[in-house]
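The next block holds one structure in the form of structure tokens; read it before the comments.
Protein chains: 2
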Amino acid sequence: MNLHILENILAIEREGSITKAADKMYITQSAMNQQLLKLEEDLGIPLFTRSNRKMIPTYAGKIYIEAVKKILAIHNETYSRIRDIAEFRTGEISITHTPERGALNFTNVYPVFHEKYPGIVFKIYEARVKEMEKLLLDGTVSLAHVSVYKRNPEFEYVILGTEKVVLGVPVTNPIAELAGEKSWKKPPVIDTSLLSGQKFVMNDSSTLMRDIIDDIFKKNKVKPNVLFESVSTGTILSVVKNQIGLGCFPQSYVKPSKEMVYFSFGEALQWELCIAYRKDHYLSEPEKYYIEISKDVYDKGK
Amino acid sequence: MNLHILENILAIEREGSITKAADKMYITQSAMNQQLLKLEEDLGIPLFTRSNRKMIPTYAGKIYIEAVKKILAIHNETYSRIRDIAEFRTGEISITHTPERGALNFTNVYPVFHEKYPGIVFKIYEARVKEMEKLLLDGTVSLAHVSVYKRNPEFEYVILGTEKVVLGVPVTNPIAELAGEKSWKKPPVIDTSLLSGQKFVMNDSSTLMRDIIDDIFKKNKVKPNVLFESVSTGTILSVVKNQIGLGCFPQSYVKPSKEMVYFSFGEALQWELCIAYRKDHYLSEPEKYYIEISKDVYDKGK
DNA sequence: AAACGTTACGAATCGCGTAAGAATT
DNA sequence: AATTCTTACGCGATTCGTAACGTTT
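Top to bottom, those sequences are chains A and B.
Going by my numbering, the first residue of the first sequence is number -3, and it counts up by one from there.
Going by my numbering, the first residue of the second sequence is number -3, and it counts up by one from there.
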């Protein structure tokens, strides 16, 4: 059944006549009549009482007409919304990032983006790196701000930059002497054999960071003394500053400090900061633009 | 465009695959695919991103799907309502009557009616007899409880009974002596020549009653002295009882009274109590039933 | 005679199924 | 090789317009 019949029914009611309604809708009386008769047959009840004077809706007709009005209202609104989307005037970019990292990046990128696409809203999901893959695969999210240690062949990655993992050591720890004056500028590579038995505030086992650290410690046969775990990089930093134990965090958190010094793990321990999306995902113009300015903002930030 | 596509779109989303959705909906993958492609072409934007893994709704797709859900909800509700109407389980009878008369009849008829058709509601319009014709003709109302003095060829009339017009005369008026003891049982016919110059409380000129009285007075060259007019039969009765003047009202208001006596105008002044409807109006089963029991109730009331 | 709804019929269009193609796993 | 979406093509159903018919004013 053709959708036009819905509008035509309303026309019949408005005009009070099949002939007049047909004229208004640019079809023949015959077609209009056939549409109405077929509809009435389908419903099993007349929608109008035929009077030579006028087409008058029956009780069923009134109910049907009310429904048609509601449906057409929804239909029209939906079509104009979708037309807006097609023209990038409105839309949604769903993106996921980790609680600590993404928000930072996002607040720098968003104002520039909003300039060009004021109608597009971001739907932000916070998730650990491991969960992000699920969100990308099931379509909950189209983009993910992610630190990549091991790539997944189902995804495409746009590299914003690389970041080393840094080891923070309290100044009161004997190891700290090996760091030199300006370790915050260029952290020297640590001799991992020194780390066995050291007290550590570890990243929570839900984090990618923890996987990576476990990985490198296992390779180098380091057995750390884990005091406790935390998902928060801030907590880890403050534990180190308070001379309680050693901790690992991304390079971007490094700042000159009197309470701690920094070491790196060399090339072995670094990851890529990426925006990831499914290989089969069609990138919309706004999404492409978001990725572009993310790269720009990251480069300027250096 | 076939309406089935709406349900099919939801199936594609649910199943995450055209093939599976097609199986569920008992059509071929090909047909399902063609429907989706055509719809997407019409909208000018894809509704799903094709992944070998899954069909994932795009942002536009999500919006479309939401709209479809709303539309199908309205559609289903409407169809079940209309099915109920077709089977007389629910419905509406729109009827008009005069403020004084109809309500009385209606309260007697309604309980019996409700027994058989509990789902049918009455939509009651109060109107003067003269306005009733408009309401019937424009379809606002399908039935009218009406007192018929002159028939209209556009309407069909079901006669419930006839009713004479009665003249009420205060006992203190000299004419009252002519009435005899039990005028409330059988009002004697008045000699209209006695009425010229008498004080009258007249029915309002919007009423059919007034037209009829004017008619008969003109024929008999009676020139009444009109004190004032009222639409309310109750007012007229109380004026007569208070010995202020004479008044006319339907026979059904006659009761034994110490303050007034009754006369009739003979055969000349009587009308038919009817239920009227447009000749081209299709009477539904409940409407037919309502008319039947109206007749029954009227007959018993006598 | 004019206006309007209904019906008959042929032509154009639409929608579906079969079957083959293309791409991915 | 198997699965899934896409495309080609032909058949059958649907829909529309022309035109005639029936009824009312």
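Note that the Cβ used here is the ideal one computed from N, Cα and C, for glycine as well.
Practice problem: Taking only beta-carbon positions, decide if residue 123/B is within less than 8 Å of chain A. | Solution: No, because no Cβ of chain A sits closer than 8 Å to the Cβ of residue 123/B.
Quiz prompt | Contact set between the region 12 to 23 of chain B and chain A, restricted to residues whose Cβ is under 7 Å from the partner | solution = From the region 12 to 23 of chain B, no residue has a Cβ closer than 7 Å to chain A.
Quiz item: Assuming residue 259/B contacts residue 149/B under a Cβ cut-off of 8 Å, what Cβ separation, rounded to an integer in Å, is found between them?
Solution: A Cβ-Cβ separation of about 34 Å leaves residue 259/B out of contact with residue 149/B under the 8 Å criterion.
Quiz item: So is residue 47/B in contact with chain A if we call contact Cβ pairs under 8 Å?
Solution: True, the Cβ-Cβ gap to chain A drops below 8 Å.
Quiz item: What residue range is occupied by the uninterrupted alpha helix (DSSP H) comprising residue 2/A?
Solution: Counting along the chain, the alpha helix (DSSP H) containing residue 2/A begins and ends at 0 to 11.
Quiz item: Which one of 239/A, 113/A, 116/A and 68/A has the shortest CA to CA distance from residue 168/A?
Solution: The candidate whose alpha carbon is nearest that of residue 168/A is 239/A.
Quiz item: When burial is assigned at 16 or more other CB atoms within 10 Å of the CB, is residue -3/B buried or exposed?
Solution: Answer is exposed; the Cβ neighbour count stays below 16.
Exercise. May I ask which residues mark the beginning and end of the alpha helix (DSSP H) holding residue 55/B?
Key: Per DSSP, residue 55/B is one residue of the alpha helix (DSSP H) stretching across 55 to 82.
Quiz item: How would you call residue 110/B, buried or exposed, if buried means at least 16 neighbouring beta carbons within 10 angstroms?
Solution: Exposed.
Self-check item: Which listed residue (48/A, 4/A and 267/A) has its alpha carbon closest to that of residue 141/A
Solution: When only C-alpha atoms are compared, the closest one is 267/A.
Quiz item: When DSSP labels each residue in this structure, what does residue 221/A get in the three-state scheme?
Solution: Three-state DSSP puts residue 221/A in a strand.
Quiz item: Looking at residue 50/B and the ligand SAM, is the gap between the Cβ and the nearest heavy atom below 7 Å?
Solution: Ligands in the displayed structure: none, and consequently the ligand SAM is not present.
Quiz item: Helix, strand or coil: how does DSSP classify residue 97/B here?
Solution: Residue 97/B falls in the helix class under three-state DSSP.
Quiz item: CB-CB under 8 Å to residue 251/A, same chain, minus the five flanking residues each way: which ones, in chain order?
Solution: The answer, listed in chain order, is 180.
Quiz item: Cα-Cα, which of 130/B, 87/B and 156/B is closest to residue 112/B?
Solution: Taking the Cα of residue 112/B as reference, the smallest distance to any Cα among 130/B, 87/B and 156/B is reached at 87/B.
Quiz item: Of all Cβ atoms in chain B, is any one closer than 8 Å to the Cβ of residue 225/A?
Solution: For residue 225/A, the closest Cβ of chain B is not nearer than 8 Å.
Quiz prompt | Beta-carbon proximity of residue 220/A to residue 191/A, cut-off 8 Å | solution = One thing to note: residue 220/A has its Cβ within 8 Å of the Cβ of residue 191/A.
Self-check item: Residues near residue 61/B by beta carbon distance below 7 Å, same chain, minus five either side
Solution: Taken in chain order, the residues that qualify are 5, 6, 9 and 53.
Quiz item: Are the C-beta of residue 56/B and some C-beta of chain A separated by less than 8 Å?
Solution: So yes, residue 56/B belongs to the interface.
Quiz item: What is the rounded straight-line gap between the Cα of residue 121/A and the Cα of residue 117/B?
Solution: The alpha-carbon atoms of residue 121/A and residue 117/B are separated by roughly 52 Å.
Exercise. Identify which residue in 13/B, 89/B, 125/B and 18/B has its Cα closest to the Cα of residue 201/B.
Key: Of the candidates 13/B, 89/B, 125/B and 18/B, the one whose C-alpha sits nearest the C-alpha of residue 201/B is 125/B.
Quiz item: residue 287/B CB to nearest chain A CB: under 8 Å?
Solution: Residue contact with chain A for residue 287/B: absent (no Cβ-Cβ distance below 8 Å to any residue of chain A).
Quiz prompt | Status (buried if at least 16 other CB within 10 Å, exposed otherwise) for residue 33/B | solution = Answer is exposed; the Cβ neighbour count stays below 16.
Practice problem: From the DSSP output, read off the bridge partner residues of residue 45/B. | Solution: Per DSSP, 52/B.
Self-check item: Unbroken alpha helix (DSSP H) run spanning residue 176/A, endpoints
Solution: Counted as a single uninterrupted DSSP element, the stretch harbouring residue 176/A is not any alpha helix (DSSP H), since DSSP gives it neither H nor E.
Quiz item: So, is residue 103/A buried or exposed, given that buried needs 16 or more other C-beta atoms within 10 angstroms?
Solution: Only exposed fits residue 103/A, as fewer than 16 other CB atoms lie within 10 angstroms of its CB.
Self-check item: C-alpha distance - residue 153/B paired with residue 269/B, whole-angstrom precision
Solution: Roughly 9 Å between the two C-alpha positions.
Exercise. Check whether the Cβ of residue -3/A lies closer than 8 Å to any Cβ atom in chain B.
Key: At least one CB atom of chain B sits nearer than 8 Å to the CB of residue -3/A.
Quiz item: Since residue 176/B meets chain A, which of its residues come closer than 8 Å, beta carbon to beta carbon?
Solution: Under the 8 Å cutoff, chain A gives no residues; its nearest Cβ is about 51 Å from residue 176/B.
Quiz item: Should residue 276/B and residue 79/A be called a contact, given that it needs their Cβ atoms to be closer than 8 Å?
Solution: If you check the CB distance, residue 276/B and residue 79/A do not come in under 8 Å.
Exercise. Give a yes or no on whether the minimum CB-CB distance between residue 141/A and chain B is below 8 Å.
Key: So, not an interface residue.
Quiz prompt | Contact list for residue 81/B against chain A, beta-carbon separation under 9 Å | solution = The answer, in chain order, is 41, 54, 55, 56 and 59.
Quiz item: In chain order, what residues of the same chain have a beta carbon less than 6 Å from the beta carbon of residue 216/A, not counting five sequence neighbours either side?
Solution: Only 188 meet the Cβ criterion.
Self-check item: Nearest-angstrom Cβ-Cβ length linking residue 139/B and residue 271/B, presumed shorter than 8 Å
Solution: By a beta-carbon distance limit of 8 Å, residue 139/B contacts residue 271/B. Their separation comes to about 6 Å.
Quiz item: Terminal residues of the continuous beta strand (DSSP E) containing residue 208/A?
Solution: Note, residue 208/A: premise wrong, no beta strand (DSSP E); alpha helix (DSSP H) at 204 to 215.
Exercise. Indicate the three-state DSSP secondary structure (helix, strand or coil) for residue 169/B in the structure shown.
Key: In this structure, residue 169/B counts as coil in the three-state DSSP scheme.
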